[in-house]
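Everything below concerns the one structure shown next.
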Amino acid sequence: MVVLVAAACVLTLIFGVWKPAIPPPPDGQVAQPIDWGPSQAKTESPALPELNVGAYVTNINNIDLLDDQFTIEMLLWTEWSGDPAANPSDQLMVLNGMYDGDIQRFERVSRENRLETTWSLYRVRSSVVKHWRLQRYPFDTQILHVNVGLENPLQPVNLGLTKENGFSINPGLLLSGWTLDQPSSYVSSISLMSDLGQPPEEGVVIRRQSTVSFDLPIQRRSLLFVAPDFLGYMLAVGLCCMSLLITHSRDDLILAAVVSAGGNYVFIAGNLPVTAMTGFIGNLQLIVFLGILYVVAADEMIDNQLTHYSQTISRILRVLLLPSYVGITILGIVLIIP
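Per the numbering used here, residue 83 is the first one in the sequence shown, and the count goes up by one each step.
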């Protein structure tokens, strides 16, 4: 039996390895190479001269949360490795800035022709569009983003970063209520979802504009904003606690709690965009207003409903009402803190 199995394996291996011989081409015929059509390789265009960019931030102000903008001042320099007559540095601009003749400027203050490069220095001041993410307010971290590129989005350019100190900030720069983190810079691009009236190019689906991006993370000092921004909610919680202790003034204290919480809501709505209400602030408002309803409903049920059935149960629930309200409120706030 073993011999038969071994013989079967040997025959299977022989038939698997054996291939029939390929007949030679007839006399006088030579195998022709297959024509795969024209080569699909693209011819590379000559490399463009480098335009390296660096920036030094001198001032940041007007951080406007309602209008989605901030103002930045910086010194920007370029190093052009091509023909000085074709230097495109004067065409640079802040691409995500807003034009304002009184605020925006991008002016050259110095230029030097060095051995292999042309160095230019510009003083830049511009309002920059920034869509704030305030769902975690006042525990949020923002990134101040500045895009620099050529004014003509169709002009080819080889943008890069300077080798040393490509992006830095003034050590004396202070932002009230904010902490500055480590800045960063990188080469990026902006997608143009239109041909801008130009004939479509073969193989190009989306046109891109080369840019240099500068990012400066800033973190809010939360403790500086909690007390002034949420003082009304704190007062509302305190008034609810007092209404459970001072029963003869309960209605007045609850009304004062409602007015205090509502006033705090109006204050926040006037200082922050609507998107901020979808995060921590919205959840905090919900906890405060539901807490007021809990105090009113529980107190009413204990006084006017349970008293008719059992005085003992009514007294026990009244004693537990204040600790339960405080505990539920604190637990809810702890759970929503990002």
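Built from N, CA and C at the ideal position, the CB exists for glycine as well.
Residue i classed as buried or exposed, judged by whether at least 16 other C-beta atoms fall within 10 angstroms
i	result
ASP222	buried
ILE104	At ILE104, the pLDDT of 47 sits below 50, so the modelled position is not reliable; the number obtained from the coordinates is stated separately. That one is exposed.
GLY261	Per the sequence shown, the amino acid found at residue 261 is Thr instead of Gly. Exposed, because fewer than 16 other Cβ atoms sit within 10 Å of the Cβ of THR261.
TYR181	exposed
SER292	buried
ARG290	exposed
SER171	buried
LEU197	exposed
ASN353	exposed
GLN151	buried
ILE412	exposed
ALA137	buried
ASN346	buried
ILE363	buried
Distance, residue j Cα to residue i Cα
i	j	result
THR160	VAL319	57 Å
GLN237	TYR219	41 Å
TYR407	PRO265	45 Å
SER304	GLY259	8 Å
ARG187	HIS227	18 Å
MET383	LEU326	13 Å
LEU216	GLY361	7 Å
CYS426	GLY409	Residue 426 lies beyond the stretch modelled for the chain, which goes from 83 to 420, so this question has no answer here.
HIS330	ALA339	16 Å
LEU403	SER270	59 Å
SER202	TYR268	20 Å
GLY119	ALA129	At GLY119, the pLDDT of 44 sits below 50, so the modelled position is not reliable; the number obtained from the coordinates is stated separately. If you take the alpha carbons of GLY119 and ALA129, they lie about 28 Å apart.
ASN365	ALA309	17 Å
GLN280	ILE272	17 Å
LEU157	LEU255	14 Å
LEU399	ARG332	17 Å
VAL401	VAL377	13 Å
ALA168	GLU233	15 Å
ILE225	MET275	25 Å
ASN386	ILE328	17 Å
ASN144	PRO355	16 Å
TRP214	THR357	9 Å
LEU174	VAL211	17 Å
ASP381	SER396	10 Å
PRO253	TYR204	20 Å
LEU147	GLY314	21 Å
VAL239	ASP149	33 Å
VAL341	PRO235	54 Å
PHE33	ALA379	Limits of the chain in this structure are 83 at one end and 420 at the other, which puts residue 33 out of reach.
GLN393	ILE418	38 Å
GLY414	PRO405	14 Å
PHE349	PRO420	22 Å
Presumed contact (8 Å Cβ cut-off) between residue i and residue j, rounded CB distance
i	j	result
ARG207	GLU155	5 Å
ASP334	GLN301	No, ASP334 and GLN301 are not in contact; Cβ-Cβ is about 42 Å, not under 8 Å.
PHE209	THR244	In the sequence as presented, Phe is not what sits at residue 209; that position holds Ser. So it is not a contact: roughly 25 Å between Cβ atoms.
ARG193	THR200	7 Å
ILE374	ALA343	7 Å
VAL176	VAL139	In fact, because the Cβ distance is near 13 Å, the residues do not count as touching under 8 Å.
LEU278	ILE142	Actually they do not touch by this definition, with Cβ atoms about 33 Å apart.
LEU337	VAL294	That belief does not hold up - the Cβ atoms of LEU337 and VAL294 are roughly 58 Å apart, past 8 Å.
Cβ-heavy atom distance, residue i to the ligand HEM, below 7 Å
i	result
GLY259	This structure lacks the ligand HEM; in fact it carries no ligand of any kind.
### Task
Evaluate the contact criterion for the segment 162-180 versus the segment 129-138: three or more CB pairs, one atom per stretch, below 8 Å.
yes
### Task
Tell me, please, whether the segment 367-382 touches the segment 307-323 by the rule of three or more beta-carbon pairs shorter than 8 Å.
They touch, by the three-pair rule.
### Query
For the segment 289-299 against the segment 241-253, are there 3 or more C-beta pairs whose distance is under 8 Å?
yes
### Task
Please list the segments of the alpha helix (DSSP H) lying wholly inside the segment 307-349, counting only runs of 4 or more residues, in order along the chain.
You should have 313-327.
### Task
Would you mind listing the beta strand (DSSP E) stretches within the segment 198-231 that are 3+ residues and don't spill past its ends, in chain order?
Taken in chain order, the complete beta strand (DSSP E) segments of 3 residues or longer contained in the segment 198-231 are 200-211.
### Message
For a minimum of 3 consecutive residues, which ranges assigned as the beta strand (DSSP E) are wholly contained in the segment 138-198?
### Response
Complete beta strand (DSSP E) runs here, min 3: 151-162, 174-176, 187-195.
### Task
Jot down the residue ranges of each uninterrupted alpha helix (DSSP H) in the segment 348-420, minimum 4 residues, whole runs only, in chain order.
362-386, 393-418
### Task
Starting from the N-terminal side, write out each stretch of the beta strand (DSSP E) that is 3 residues or longer and does not extend beyond the segment 235-302.
240-243, 249-251, 260-262, 266-274, 289-302
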